[in-house]
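Numbering (numbering that gives the first Met the number 0), first residue to last: 0 to 447.
The beta carbon of each residue, even a glycine, is placed where N, CA and C say it ideally should be.
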Amino acid sequence: MRKTIIEPFKIKVTEPLVLKSREEREEILKKADYNLFLVKSEDVTFDFLTDSGTTAMSANQWAAMMVADESYAGSRSFHRFKSKVTEITSYDHVIPTHQGRASERLLFGVLLRPGMKVPSNNHFDTTRANIEFLGAQAVDLVIPEGKIPDHEHPFKGNIDLSRLESFCREFKDKIPLGMLTITNNTGGGQPVSLENIREAARIYHKHGIPFILDACRFAENAWFIKTRENAHSNSSIKAIVSEIFSLADGCLMSAKKDGMVNIGGFIALKDSTWVQDLRNQLILTEGFPTYGGLAARDLEALAVGLDEAMDEDYLRYRIATSSYMGRRLNEMGIPTVRPAGGHAVYIDAEKFLPHIPKAQFPGQALAAELYLQDGVRTCEIGSVMFKEAASMELVRMAFPRRVYTQSHFDYILEGFQDIKERSRELRGFRIKEAPPFLRHFTVKFERF
Ligand code: F0G
């Protein structure tokens with residue numbers, strides 16, 4: 000086995016990296032009141048804020064965009080997109096949307112009423128918010144191992160089947176749909192095993208509950224099934240993906256992740272029961288059913304991207320990068336959620352910076368230092384974001400797809416070594432000004 004990770008592509012179009020001095024970044028960060036969301040991207044060297052919508056598209060995707068048919072109704076591009084989604088998922092009913100949360104709002108708007116409950120392993124923030132907005136309850140039933148950052152488990156995204164069984168038995172009349180998020184972003188980008196998906200499907204169906212996947216990282220999840228679940232090591236990714244989808248009744252998709260595009264999403268369903276209501280709602284706020292708030296060129300790029308996300312050379316490289324980052328950080332003594340997730344590595348800032356109390360935001364301290372050190376932008380997921388409800392103080396490094404190279408990652412690791420050596424000198428922050436909700440986007444800090 001070769002040790003060096005290579006990108007399984009060559010580069011046709013480049014964009015310069017922004018290289019600034021630490022002094023310049025000190026100035027920039029101070030002006031942004033130490034909030035990385037308020038820093039301009041032109042002042043960021045390595046942007047690890049999210050893997051969503053930040054993918055570099057391939058030559059084939061750009062080529063497909065050029066031949067898009069921008070007709071208002073019945074566009075050829077829609078049919079190409081729809082056939083691709085049906086081929087991959089086996090679902091006949093495909094509704095395009097502008098992104099994942101639009102799919103959530105539409106489906107939940109049709110299905111949920113106050114007092115209803117929606118179980119999942121973990122709901123992503125926007126999924127939870129869309130459920131709660133309708134007066135229903137989003138219930139997280141991930142396995143206990145999924146909540147312990149340094150507990151190694153191959154499928155930390157699994158749902159707790161015995162809790163799911165008793166939850167469904169007790170509340171089945173109040174559960175219009177059951178979900179699973181693959182991979183489990185909220186729990187650290189952790190995968191769900193095929194066996195767990197199959198058992199969850201069995202439980203939902205036994206109680207007459209439709210099963211809908213939040214499938215935005217379906218290809219990364221399939222790679223983990225192939226490499227960690229013995230029964231599937233000889234299956235192709237495409238075969239695993241079709242088995243995953245065949246177990247559910249439909250999916251919600253943010254195509255900004257494993258759709259390999261910068262914007263887009265869809266709802267795909269096996270059965271036609273909800274489709275008319277969904278299309279009526281779609282026309283009200285998103286657009287006509289053959290474009291759903293997207294340009295036809297977006298649909299073309301997505302049709303190509305869905306296949307590229309399942310390419311095994313690509314997936315091998317993609318997951319090798321996040322595992323490499325996690326392993327090298329751990330070797331340096333920097334604690335992370337283990338194992339590394341598919342799209343991201345989550346650093347445990349509370350453990351890494353034990354001299355900074357929770358009230359002084361250790362995650363924010365590390366995120367600010369990563370920016371000052373090498374212009375790396377990350378995202379605090381801890382007390383800044385969730386206030387007192389935060390159970391961990393994490394910093395997420397989410398990796399855009401096909402954007403940064405192995406030498407970039409090695410360079411960033413050198414910077415981490417430097418931070419590690421002077422970690423005792425890092426200081427916490429105090430909040431100067433904060434809005435009442437979603438405060439992480441606009442909060443202003445000052446240094447202790
Ligand atoms: N579901 C999951 C699991 C997600 O990770 C996201 C977005 C969504 C739904 C919503 O999709 O952004 O297209 O509306 N996650 C991004 C992130 C924002 O940074 O993790 P969207």
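*Which one of Asp-159, Pro-288, Leu-111 has the shortest CA to CA distance from His-78?*
With distances taken between Cα atoms, His-78 lies closest to Pro-288.
*Would you mind reading off the limits of the beta strand (DSSP E) that contains Arg-395?*
Boundaries of the beta strand (DSSP E) around Arg-395: 393–397.
*Within 8 Å (strictly less), CB to CB, does Ala-364 reach chain C?*
Looking for chain C here will not work: only one protein chain is present.
*If Lys-109 sits next to Leu-251, beta carbons under 8 Å apart, how far is it from one beta carbon to the other, in whole angstroms?*
Correcting the residue identity first, residue 109 is Val in this sequence and not Lys. Going by Cβ atoms, the distance from Val-109 to Leu-251 rounds to 12 Å, so no, they are not a contact pair.
*Please specify which runs of the alpha helix (DSSP H), each continuous and at least 4 residues long, are wholly inside the segment 1–88, giving them in chain order.*
Secondary structure remark: continuous alpha helix (DSSP H) runs of at least 4 residues inside the segment 1–88, in chain order: 21–30, 58–65, 75–88.
*Kindly indicate the opening and closing residues of the beta strand (DSSP E) around Val-344.*
Annotation for Val-344: the continuous beta strand (DSSP E) segment containing it runs 343–347.
_Where the alpha helix (DSSP H) containing Gly-99 begins and where it ends_ = Note, Gly-99: alpha helix (DSSP H), 99–110.
*Helix, strand or coil for Asp-310 per DSSP?*
Residue state, collapsed to three classes: coil.
*Leaving aside the five residues before and after Val-176 along the sequence, list all residues of the same chain whose C-beta is less than 7 Å from its C-beta, in chain order.*
It is Leu, not Val, that sits at residue 176 in the sequence shown. Same-chain partners within the cutoff: Leu-110, Val-117, Ile-208, Pro-209, Ile-211.
*Pick from Lys-11, Glu-330, Tyr-203: whose alpha carbon is nearest that of Ala-247?*
Across the set Lys-11, Glu-330, Tyr-203, the C-alpha of Tyr-203 shows the shortest separation from the C-alpha of Ala-247.
*Measure the beta-carbon distance from Leu-179 to Asn-120 and round it to whole angstroms, keeping in mind my assumption that it falls under 8 Å.*
Between Leu-179 and Asn-120 the beta-carbon gap is near 6 Å, inside 8 Å, which marks them as a contact.
_Thr-506, DSSP secondary structure in three states_ = Because residue 506 is not part of the residues shown, which for the chain are 0 to 447, the question remains open.
*CB of Arg-100 to nearest heavy atom of the ligand F0G: below 7 Å?*
When distances are taken from the beta-carbon of Arg-100 to the heavy atoms of the ligand F0G, the shortest one is below 7 Å.
*beta strand (DSSP E) containing Lys-155: first to last residue?*
In the DSSP assignment, Lys-155 falls outside any beta strand (DSSP E) and carries neither an H nor an E.
*asked:* Rounded to the nearest angstrom, what separates Glu-151 and Lys-30 at their Cα positions?
replied: Rounded to the nearest angstrom, the two C-alpha atoms are 40 Å apart.
*Helix, strand or coil: which one does DSSP assign to Thr-261?*
Note that residue 261 is Asn in the sequence shown here, rather than Thr. Asn-261: coil per DSSP, three-state reduction.
_I'd like the span of the beta strand (DSSP E) that includes Ile-181, first residue to last._
Neither: Ile-181 is in no beta strand (DSSP E) and is coded neither H nor E.
_Quick check on the DSSP output: the beta strand (DSSP E) that includes Pro-118 runs from which residue to which?_
Counting along the chain, Pro-118 sits inside the beta strand (DSSP E) bounded by residues 116–119.
*Give me whichever residues DSSP pairs with Asp-139 in a beta bridge.*
Residue pairing by DSSP puts Asp-139 in a beta bridge opposite Ser-119.
_Gly-249, DSSP secondary structure in three states_ = Gly-249 carries a strand assignment under DSSP once its states are collapsed to helix, strand and coil.
*What residue does the alpha helix (DSSP H) around Arg-518 start on, and which one ends it?*
Residue 518 is absent from the model: the chain starts at 0 and stops at 447.
*With distances taken between CB atoms, is the gap from Tyr-403 to Ile-4 smaller than 8 Å?*
In this structure, Tyr-403 keeps its C-beta atom at 8 Å or more from the C-beta atom of Ile-4.
_Residue span of the alpha helix (DSSP H) that contains Pro-288, given as start and end_ = No alpha helix (DSSP H) holds Pro-288; DSSP gives it neither H nor E.
*Take Ser-241 as the anchor and find which of Ser-20, Lys-443, Thr-85, Leu-437 has the nearest alpha-carbon.*
Residue Thr-85 is the option with its Cα nearest to Ser-241.
_I'd like to check one pair, Ala-254 with Leu-301: are the Cβ atoms closer than 8 Å?_
Yes; because the gap between Cβ atoms is below 8 Å, this pair is in contact.
*the ligand F0G heavy atom lying under 7 Å from the CB of Asp-213*: Under cutoff, so the answer is yes.
_If contact is defined by three or more beta carbon pairs under 8 Å, each pair taking one atom from either stretch, is the segment 338–345 in contact with the segment 213–230?_
With the cut-off at 8 Å, the segment 213–230 and the segment 338–345 touch.
*Looking at the unbroken beta strand (DSSP E) that takes in Arg-429, where does it start and where does it end?*
Taken as a continuous stretch (DSSP letters only), the beta strand (DSSP E) holding Arg-429 covers 428–432.
*Label Glu-41 either buried or exposed according to how many other C-beta atoms from any shown protein chain fall within 10 Å of its C-beta, with 16 as the threshold for buried.*
So Glu-41 counts as exposed.
_Just to confirm my understanding: we take His-206, look at its own chain, exclude 5 residues before and 5 after, and list those with CB closer than 6 Å. What are they?_
Cys-167, Lys-171, listed in sequence order.
*Residue range of the beta strand (DSSP E) that Val-93 falls in?*
Looking at the DSSP string, the run of the beta strand (DSSP E) that includes Val-93 is 92–96.
*Limits of the beta strand (DSSP E) - the one that Ile-211 falls within*: Here the beta strand (DSSP E) through Ile-211 covers 210–213.
*Give the straight-line distance between the Cα atoms of Ser-322 and Pro-148, rounded to the nearest whole angstrom.*
Rounded to the nearest angstrom, the two C-alpha atoms are 15 Å apart.
_Does Arg-227 come out as helix, strand or coil in the three-state DSSP assignment?_
For Arg-227, the secondary structure class from DSSP, reduced to helix, strand or coil, is helix.
_What I want to know is whether the C-beta of Lys-255 ends up closer than 7 Å to one or more non-hydrogen atoms of the ligand F0G._
If you check the C-beta of Lys-255 against the ligand F0G, you find a heavy atom less than 7 Å away.
*Take Ala-67 and list the residues in its own chain whose beta-carbon comes closer than 6 Å to its own, dropping the five residues that flank it on each side.*
Around Ala-67, the same chain offers Ser-76, Ala-295, Arg-296, Glu-299 as residues with beta carbons nearer than 6 Å, after the five sequence neighbours per side are excluded.
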